[in-house]
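Chemist: Numbering (my numbering), first residue to last: 1 to 163.
Even for Gly, the Cβ is constructed at its ideal location relative to N, Cα and C.
Keep in mind it's a predicted model, so treat the numbers as computed, not measured.
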């Protein structure tokens with residue numbers, strides 16, 4: 001007799017459990033374990049997957065490779081590695097000073113960016129004010145069919161003051 005838990009486990013789910021947790025059923029989720037093991041006992045394809053997982057687990061637990069790395073290959077790899085800095089070695093005085101031009105340039109770049117960011121809102125306000133003023137002049141000309149104001153007169157601040 002199967003329980004509702006056992007009915008909810010599919011062949012795909014058991015395959016996923018085998019792939020994720022291997023052949024050690026104690027690692028499988030407890031709420032699915034009994035149903036999965038029952039389905040495993042009834043399905044030959046799952047039994048084959050389980051045997052493959054057992055073989056893989058045996059190899060992994062043994063911790064040995066079939067082929068040992070070649071010493072000559074390891075030597076070639078180590079020879080091609082870039083030189084490594086030894087811990088605790090201090091940097092020479094000459095090496096310290098070789099980076100100061102770059103540091104100064106980076107400082108100026110940061111200051112320029114900060115200046116532009118801080119100035120951007122003010123510039124945006126000025127551009128907005130110029131656009132509104134141009135719109136006021138255009139609106140005045142459209143409404144009155146006259147040129148806005150003489151250049152000798154002081155310019156009004158907005159359309160309402162032109163009227």
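I think residue 32 touches residue 59, with their Cβ atoms under 8 Å apart; what is that distance to the nearest whole Å?
Modeler: Taking the chain shown and counting its residues from 1, one reaches residue 32 at position 32. Taking the chain shown and counting its residues from 1, one reaches residue 59 at position 59. That pair is no contact at about 26 Å.
Chemist: Mapping the DSSP letters down to three states, classify residue 74 as helix, strand or coil.
Modeler: In the chain shown, counting from the first residue as 1, residue 74 sits at position 74. The answer is helix: DSSP assigns residue 74 an H, G or I state.
Chemist: Beta-carbon separation of residue 40 and residue 14 under 8 Å?
Modeler: Residue numbering aside, residue 40 sits at position 40 when the chain shown is read from its first letter. Residue numbering aside, residue 14 sits at position 14 when the chain shown is read from its first letter. Cβ atoms of residue 40 and residue 14: closer than 8 Å.
Chemist: CB-CB under 7 Å to residue 43, same chain, minus the five flanking residues each way: which ones, in chain order?
Modeler: By one-based count along the chain shown, residue 43 stands at place 43. Result list for residue 43: 11, in chain order.
Chemist: Would you mind reading off the limits of the alpha helix (DSSP H) that contains residue 34?
Modeler: Position 34 of the chain shown holds residue 34. It spans 30–42 - the alpha helix (DSSP H) in which residue 34 sits, taken as one unbroken run.
Chemist: Determine whether the beta carbon atoms of residue 54 and residue 23 lie at a separation below 8 Å.
Modeler: In the chain shown, counting from the first residue as 1, residue 54 sits at position 54. In the chain shown, counting from the first residue as 1, residue 23 sits at position 23. Cβ atoms of residue 54 and residue 23: closer than 8 Å.
Chemist: Along the chain, where does the alpha helix (DSSP H) that runs through residue 16 open and close?
Modeler: Here residue 16 refers to the residue found at position 16 of the chain shown. Note, residue 16: alpha helix (DSSP H), 11–21.
Chemist: Quick one: Cα of residue 127 to Cα of residue 144, how far?
Modeler: Indexing the chain shown from 1 puts residue 127 at position 127. Indexing the chain shown from 1 puts residue 144 at position 144. Near 26 Å, if we compare the C-alpha coordinates of residue 144 and residue 127.
Chemist: My output table needs one value for residue 8: the three-state DSSP class, helix, strand or coil.
Modeler: On the chain shown, residue 8 is found 8 positions in, with the first residue counted as 1. Note: residue 8 maps to coil in three-state DSSP.
Chemist: Per DSSP, what kind of secondary structure is residue 145 in: helix, strand or coil?
Modeler: Position 145 of the chain shown holds residue 145. Three-state result, residue 145: coil.
Chemist: How long is the line joining the alpha carbons of residue 51 and residue 17, rounded to whole angstroms?
Modeler: In the chain shown, residue 51 corresponds to position 51, counting from 1. In the chain shown, residue 17 corresponds to position 17, counting from 1. Going by the C-alpha atoms only, they are around 14 Å apart.
Chemist: For my contact list, residue 36 and residue 28 are in at a C-beta cut-off of 8 Å; report their separation, rounded to the angstrom.
Modeler: Within the chain shown, residue 36 is the residue found at index 36, counting from 1. Within the chain shown, residue 28 is the residue found at index 28, counting from 1. Contact flag correct, Cβ pair sits at about 6 Å.
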